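Presented below is the structure to which this report refers.
Here's what the structure looks like:
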């Protein structure tokens with residue numbers, strides 16, 4: 654059950670009452686009434702900050718005087734409540750007859766957040782649509798438990814006071830069955846809201862558990878967008894493998910080259926060794942020698958000197974190394 658608690662007691666008169674409401678937490682919605690509406694009171698400002706820090710929702714009190722209050726004063730109160738961390742407005746002494754339905758709709762027009770109407774009785778069927786909650790009963794337990802069991806509006810709330818301590822349990826059960834939102838208090842008229850119910854100190858709020866540190870990361874969700882195939886990379890040998898083994902197994906990693914076994918390959922000749930036979934086999938270039946002839950001679954010389962050069966890329970590298978064609 655959601656508790657709708659008119660907290661019409663000054664914070665300096667009963668700090669313990671405000672602290673108890675703060676301990677009750679979000680299960681209680683407190684209605685704040687400074688001076689029959691808002692007002693500039695530092696004690697109320699501090700007390701409202703206390704409830705706000707405890708995540709207690711608050712509603713600011715605005716009197717409609719059953720449709721007799723000037724519209725400008727109502728709108729002034731609504732604006733003044735914005736100085737407090739309230740979640741909405743509680744409109745007390747609201748009309749209930751159909752003649753004032755349009756007037757009430759205009760009075761609520763500028764209200765931000767949650768709006769609660771309190772005619773204290775069952776109003777014309779057009780009123781529940783004007784607010785988030787509407788209090789269709791406000792009175793003593795002696796009258797409440799004798800009400801007929803007819804269904805109420807879907808957003809109804811009931812305020813029941815003067816409940817004997819022995820009847821608090823049945824009163825809570827009856828209110829929960831009829832609407833589920835409101836108040837059951839053992840305080841009596843004429844000031845049933847100048848304090849808190851005797852049962853409220855037992856309704857302390859447990860703070861939410863602390864988040865688990867370093868949560869296990871969740872695996873990424875598979876993407877629905879088709880991705881292009883990733884080209885496979887040529888595996889690289891580990892640096893810890895001896896160079897002789899690397900040279901023996903290297904032909905197996907080159908595409909298009911048949912494996913040559915695991916025999917150690919012969920050491921590669923240095924650039925100086927290769928350069929001498931190449932330069933001897935290829936005459937000095939002159940303007941009359943065709944370039945194609947030079948390239949053919951260079952290729953024959955390279956294949957004669959380095960038979961293990963099995964790719965065009967290797968031949969070109971050797972030509973650049975020896976400086977042929979420069």
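In this note's numbering, the protein residues as written are 654 to 979. The beta-carbon is built from N, C-alpha and C at its ideal position, and this holds for glycine as well. Please read all numbers here as calculations on a predicted model, not as lab measurements.
Say whether the segment 696 to 706 touches the segment 722 to 729, bearing in mind that this needs 3 or more beta-carbon pairs closer than 8 Å, one atom from each stretch. The segment 696 to 706 makes no contact with the segment 722 to 729: fewer than 3 CB pairs, one atom from each, lie closer than 8 Å.
Buried or exposed: where does residue 784 fall if 16 or more other Cβ atoms within 10 Å of its Cβ makes it buried? Counting Cβ neighbours within 10 Å, residue 784 comes out buried, since at least 16 surround it.
Residue from 737, 745, 697 with nearest C-alpha to residue 720: 745
What first and last residue would you give for the alpha helix (DSSP H) that runs through residue 821? 821 to 831
So residue 835 and residue 670 are supposed to be a Cβ contact under 8 Å. How far apart are they, rounded? Rounded, the Cβ-Cβ distance is 19 Å, inconsistent with contact.
Please check the pair residue 786 and residue 677, which I expect to be a contact at CB under 8 Å, by giving their CB distance rounded to whole angstroms. Rounded to whole angstroms, the Cβ separation of residue 786 and residue 677 is 19 Å, and the two are not in contact under 8 Å.
Validate contact between the segment 731 to 749 and the segment 805 to 817 using beta carbons, cut 8 Å, 3 pairs: no
Does residue 781 pass the burial test, meaning 16 or more other C-beta atoms within 10 Å, or should it be called exposed? buried
In the DSSP assignment, the alpha helix (DSSP H) including residue 641 goes from what residue to what residue? Summary: the structure shown does not reach residue 641, with the chain confined to residues 654 through 979, and so no result is reported for it.
Sheet register partners of residue 759 (DSSP bridge): Its beta-bridge partners do not exist; DSSP assigns none.
Can you tell me whether residue 918 is buried or exposed, with buried defined as 16 or more other CB within 10 angstroms of its CB? At residue 918 the pLDDT is 43, less than 50, meaning the model places this residue with poor confidence and gives no usable figure here.
Does the contact criterion of 3 or more C-beta pairs under 8 Å hold for the segment 762 to 769 versus the segment 730 to 741? The answer is yes - the segment 730 to 741 touches the segment 762 to 769, with three or more Cβ pairs under 8 Å.
Just to confirm my understanding: we take residue 686, look at its own chain, exclude 5 residues before and 5 after, and list those with CB closer than 6 Å. What are they? 661, 714
Run the CB neighbour count on residue 692, radius 10 Å, all protein chains shown included, and call it buried at 16 or more, exposed below. exposed
Nearest candidate by alpha-carbon position, reference residue 828, set 731, 659, 790: Ranking the options by Cα distance to residue 828, first place goes to 790.
Starting from residue 703, trace the alpha helix (DSSP H) both ways and give me its first and last residue. 695 to 706
What is the C-beta distance between residue 814 and residue 842, in whole angstroms, given that I count them as a contact (C-beta under 8 Å)? 6 Å
Any idea if residue 690 is buried or exposed, counting beta-carbon neighbours within 10 angstroms, 16 or more meaning buried? Counting the other CB atoms within 10 Å of its CB gives residue 690 a total of 16 or more, which places it among the buried residues.
Residue 658 and residue 683 look like a contact to me (Cβ under 8 Å); what is the Cβ gap, rounded to whole Å? 5 Å
Taking residue 844 as the reference, which of 792, 788, 769 has the closest Cα? 792
Rounded to the nearest angstrom, what separates residue 775 and residue 753 at their Cα positions? 15 Å
Just checking my contact of residue 856 with residue 680 at CB under 8 Å: how many whole Å lie between their CB atoms? 7 Å
Length at least 4, wholly inside the segment 704 to 737: the alpha helix (DSSP H) runs in chain order: 724 to 733
Quick check on the burial criterion: 16 or more other C-beta atoms within 10 angstroms. Buried or exposed for residue 665? exposed
CB-CB length for residue 788 against residue 770, believed under 8 Å: 7 Å
Who are the near neighbours of residue 655 in its chain, counting only those whose CB is closer than 6 Å to its CB and skipping five residues on each side? 834
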